[in-house]
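Protein chains: 2
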Amino acid sequence: MTISIVEVSPRDGLQNESTLVPTADKLALIATLVSSGVRRIEAVSFAHPKRVPQMADAEAVAAGLPRGDVSWIGLVLNERGLDRAIAAGLDEVNVVVVATDTFSQRNQGVPTSEAIAAWSRIAARARGAGLRTTVTIAAAFGCPFEGEVPVARVRSVIDRCLEAAPDELALADTIGVGVPAQVRALHAEVPGDVPLRWHFHNTRNTGYANALAAADLAGDRPTALDSSAGGIGGCPFAPNATGNIATEDLLYLLHRNGFPTGVDVGPLLPLGARLGDLLGHQVPGQLARAGLFPA
Amino acid sequence: MTISIVEVSPRDGLQNESTLVPTADKLALIATLVSSGVRRIEAVSFAHPKRVPQMADAEAVAAGLPRGDVSWIGLVLNERGLDRAIAAGLDEVNVVVVATDTFSQRNQGVPTSEAIAAWSRIAARARGAGLRTTVTIAAAFGCPFEGEVPVARVRSVIDRCLEAAPDELALADTIGVGVPAQVRALHAEVPGDVPLRWHFHNTRNTGYANALAAADLAGDRPTALDSSAGGIGGCPFAPNATGNIATEDLLYLLHRNGFPTGVDVGPLLPLGARLGDLLGHQVPGQLARAGLFPA
Numbered sequence: 001m002t003i004s005i006v007e008v009s010p011r012d013g014l015q016n017e018s019t020l021v022p023t024a025d026k027l028a029l030i031a032t033l034v035s036s037g038v039r040r041i042e043a044v045s046f047a048h049p050k051r052v053p054q055m056a057d058a059e060a061v062a063a064g065l066p067r068g069d070v071s072w073i074g075l076v077l078n079e080r081g082l083d084r085a086i087a088a089g090l091d092e093v094n095v096v097v098v099a100t101d102t103f104s105q106r107n108q109g110v111p112t113s114e115a116i117a118a119w120s121r122i123a124a125r126a127r128g129a130g131l132r133t134t135v136t137i138a139a140a141f142g143c144p145f146e147g148e149v150p151v152a153r154v155r156s157v158i159d160r161c162l163e164a165a166p167d168e169l170a171l172a173d174t175i176g177v178g179v180p181a182q183v184r185a186l187h188a189e190v191p192g193d194v195p196l197r198w199h200f201h202n203t204r205n206t207g208y209a210n211a212l213a214a215a216d217l218a219g220d221r222p223t224a225l226d227s228s229a230g231g232i233g234g235c236p237f238a239p240n241a242t243g244n245i246a247t248e249d250l251l252y253l254l255h256r257n258g259f260p261t262g263v264d265v266g267p268l269l270p271l272g273a274r275l276g277d278l279l280g281h282q283v284p285g286q287l288a289r290a291g292l293f294p295a
Numbered sequence: 001m002t003i004s005i006v007e008v009s010p011r012d013g014l015q016n017e018s019t020l021v022p023t024a025d026k027l028a029l030i031a032t033l034v035s036s037g038v039r040r041i042e043a044v045s046f047a048h049p050k051r052v053p054q055m056a057d058a059e060a061v062a063a064g065l066p067r068g069d070v071s072w073i074g075l076v077l078n079e080r081g082l083d084r085a086i087a088a089g090l091d092e093v094n095v096v097v098v099a100t101d102t103f104s105q106r107n108q109g110v111p112t113s114e115a116i117a118a119w120s121r122i123a124a125r126a127r128g129a130g131l132r133t134t135v136t137i138a139a140a141f142g143c144p145f146e147g148e149v150p151v152a153r154v155r156s157v158i159d160r161c162l163e164a165a166p167d168e169l170a171l172a173d174t175i176g177v178g179v180p181a182q183v184r185a186l187h188a189e190v191p192g193d194v195p196l197r198w199h200f201h202n203t204r205n206t207g208y209a210n211a212l213a214a215a216d217l218a219g220d221r222p223t224a225l226d227s228s229a230g231g232i233g234g235c236p237f238a239p240n241a242t243g244n245i246a247t248e249d250l251l252y253l254l255h256r257n258g259f260p261t262g263v264d265v266g267p268l269l270p271l272g273a274r275l276g277d278l279l280g281h282q283v284p285g286q287l288a289r290a291g292l293f294p295a
């Protein structure tokens, strides 16, 4: 079964970095990503520029995206964000609903129920505008403020989000606490006809095992994995949520386990060092330093 | 099913560090490891001190070990090493046989067949002296010089090593290239009545997924996983083989997946920072920095 890669370095990757990356450097990064064969890229977030200054140039980035083979995704937190995503000509919107009220309040200023209501309004309007929709259940594996999140709570949020008929449901381990047993438990709660997407962080070295567990469960269900070139990124509002899983390391793991992705790891290998120079620190991805095997 | 932890930081961990750690610091590290409840510790290597200067104080370390609950393991490369392990009063010896001739020649100066013959002589003498024996098949998942190692080649080495009736067989991903599909393929080659031990490096971010795959396969078979506090270590003769899997990160993964180990992660959390100070660089283990969950 093919696993789709959703490359999130231009959005979730850069969003958590203290360095403000110039638009031209973002577009150069994106060009390399496109050359690897990845066909879904989360390129920007339409958040308030004062709250997420790294994404203040979202419209400029969107204007520079090469249109054609790639489905371009924008993260959207409210209807104002949707307006911007439509105006910018994106192909998909990804809408976040945090599974716990405390984290939802800190992230979006509203409890989970209001975030679900906002998602429903966004979904209807996005569909009307011809955009594909993903709803991401954030903190599905644990909350930095409330701790363990009961599966029943996540299930309830999933059910309410599915009422708005997303094209895809994403389950996010926003703070990198999840383990494969949770991947299996949450997978069992999602109706079999819903395309799934998973978002893992490697904060406690469980991210790659989680990704492989999700791939093992995919079967015939359309399944996507978020990853970030170099493993850059995190969430600025979640303590210690550093490190998406690195695309190149994920590809190594998936390909050698017999899961094709259609993405070529070659163009991604030099990216880690380039991103390290750009951001002023070594990136967490390890394949580029260790080298492909066999060489 | 309980998974046993074999703590290898005093041996495989420190052996690959450029810093020579004083004997007293090694014994302080070991005391903390013992306090965590780990009951098998690979404490020293009896290699030639010119070749592995970090282990030149093996006898002094052995003399300082607290005897009683813990089974103390010494790595042994030849009969001279066995003599030293017996004299030092260790409980177990771990003997390395490299699966490929090129790497065996570089590591021990002999091809694989001669390493197997040496292992057989060591096994007989060790058993006679009352020591438990492990034979470790190194480079079982790939070789830095020969590349892919066919499963049939590993199987042949396993079969010849089992003729000397080890108490345990270990399969080592010495250079950190393995993936869970290989764990399953190699597991299928080991007769069901042989206690298994696995040694993974996280060089390409596959080590924890491999460890969990091995735990998932354990069933009723006695199964041990090597790990190193802080994730320190590697192999000085294998390029880029940095990073054992970190004991504290492994415990987080195993415990939250329902595999008890009998080891308490608490005493290990402060070790990463202490080892970082001792060795002059940040250690790769991530749990201590990110924090336990739930907190």
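Residue numbers (full-length UniProt numbering), protein chains in the order written: chain P, 1 to 295; chain B, 1 to 295.
Each residue gets a CB set at the ideal place from its N, CA and C atoms; glycine is no exception.
Nothing here was measured: the structure is a model prediction, and the numbers come from that model.
Cβ-based neighbour list, residue i, same chain, cut-off 6 Å, excluding 5 preceding and 5 following
i: B:Pro-222; result: Pro-195
i: B:Phe-141; result: Asp-173, Val-177, Gly-178, Gln-182
i: P:Pro-267; result: Thr-32, Ser-35, Ser-36
i: P:Gly-262; result: Gly-37
i: P:Asp-264; result: Ser-36, Gly-37
Residue i (DSSP reduced to helix, strand or coil)
i: P:Arg-221; result: coil
i: B:Ala-246; result: strand
i: P:His-187; result: helix
i: P:Asn-94; result: strand
i: B:Ile-158; result: helix
i: B:Glu-148; result: coil
i: B:Leu-196; result: strand
i: B:Ser-36; result: coil
i: B:Ala-241; result: The predicted position of B:Ala-241 is uncertain, since its pLDDT is 48 and thus under 50; a value taken from the coordinates is nonetheless stated next. The answer is coil: DSSP assigns B:Ala-241 none of H, G, I, E or B.
i: B:Val-61; result: helix
i: P:Gly-230; result: helix
i: B:Ser-4; result: strand
i: P:Gly-74; result: strand
i: P:His-48; result: coil
i: P:Arg-132; result: strand
i: P:Glu-295; result: Correcting the residue type first, residue 295 of chain P is Ala in the shown sequence and not Glu. P:Ala-295 falls in the coil class under three-state DSSP.
i: P:Ala-138; result: strand
Neighbourhood of residue i by C-beta, 8 Å cutoff - its chain only, sequence neighbours within 5 removed
i: B:Ser-228; result: Glu-7, Val-8, Ser-9, Asp-12, Gly-13, Asn-244, Ile-245, Ala-246, Thr-247
i: P:Arg-289; result: Gly-272
i: P:His-255; result: Thr-261, Val-265
i: B:Gly-276; result: Gly-230, Gln-282, Val-283
Buried/exposed call for residue i, threshold 16 Cβ in 10 Å
i: B:Gln-282; result: exposed
i: B:Gly-109; result: exposed
i: B:Leu-20; result: exposed
i: B:Ser-36; result: buried
i: B:Asp-220; result: exposed
i: B:Glu-168; result: buried
i: B:Ser-113; result: exposed
i: residue 327 of chain P; result: Absent from the model: residue 327 of chain P. The displayed extent of chain P is 1 to 295, so no value can be given.
i: P:Ala-24; result: exposed
i: B:Glu-79; result: exposed
i: P:Lys-50; result: exposed
i: B:Arg-40; result: buried
i: B:Pro-53; result: exposed
i: B:Gln-286; result: buried
i: P:Glu-92; result: buried
i: B:Ser-18; result: exposed
i: B:Pro-66; result: exposed
Nearest-angstrom beta carbon gap, residue j and residue i [assumed within contact, 8 Å]
i: B:Pro-150; j: B:Ile-175; result: That belief does not hold up - the Cβ atoms of B:Pro-150 and B:Ile-175 are roughly 16 Å apart, past 8 Å.
i: P:Ala-170; j: P:Ile-137; result: 7 Å
i: B:Ile-5; j: B:Val-38; result: 5 Å
i: P:Ala-117; j: P:Leu-90; result: About 23 Å separates the two Cβ atoms, so there is no contact after all.
i: P:Met-1; j: P:Ala-218; result: 5 Å
i: B:Glu-59; j: B:Ala-88; result: 6 Å
i: B:Ala-165; j: B:Trp-119; result: With a Cβ gap of about 11 Å, B:Ala-165 and B:Trp-119 do not count as contacting.
Contact set for residue i: own chain, Cβ-Cβ below 7 Å, skip 5 residues either direction
i: B:Leu-77; result: Ala-47, Val-96, Gln-108
i: B:Ala-238; result: Interpretation of B:Ala-238 is limited by its pLDDT of 48, a score under 50 that renders its predicted location unreliable; no figure is taken from the coordinates.
i: B:Arg-153; result: Ala-99
i: P:Leu-27; result: Val-61, Gly-64
Residue i Cβ short of 7 Å to the ligand NAP heavy atom set
i: B:Ala-224; result: The ligand NAP is not part of this structure, which contains no ligands at all.
Closer than 7 Å, Cβ to any Cβ of chain B: which residues of the segment 247-275 of chain P, in chain order?
With the criterion set as a beta carbon lying under 7 Å from some beta carbon of chain B, the members of the segment 247-275 of chain P are Asp-249, Tyr-252, Leu-253, Arg-256, Asn-257, Gly-258, in sequence order.
Using Cβ-Cβ distances below 9 Å, what residues of the segment 277-291 of chain P are close to chain B?
Here the close residues are Pro-284, Gly-285, Gln-286, Leu-287, Arg-289, Ala-290, Gly-291.
What residues in the segment 181-215 of chain P bring their beta carbon closer than 7 Å to a beta carbon of chain B?
Here the close residues are Ala-181, Thr-203, Arg-204, Asn-205, Thr-206, Tyr-208, Ala-209, Leu-212.
Closer than 9 Å, Cβ to any Cβ of chain P: which residues of the segment 163-179 of chain B, in chain order?
Residues of the segment 163-179 of chain B whose Cβ lies closer than 9 Å to any Cβ of chain P, in chain order: Ile-175, Gly-176, Val-177, Gly-178, Val-179.
Beta carbons nearer than 7 Å to chain B: which residues of the segment 141-159 of chain P have them?
Residues of the segment 141-159 of chain P with a Cβ closer than 7 Å to any Cβ of chain B, in chain order: Gly-142, Gly-147, Glu-148.
Which residues, in chain order, does the segment 98-117 of chain P contribute to contact with chain B at a C-beta distance below 9 Å?
Going along the segment 98-117 of chain P in chain order, one finds no residue with a Cβ nearer than 9 Å to chain B.
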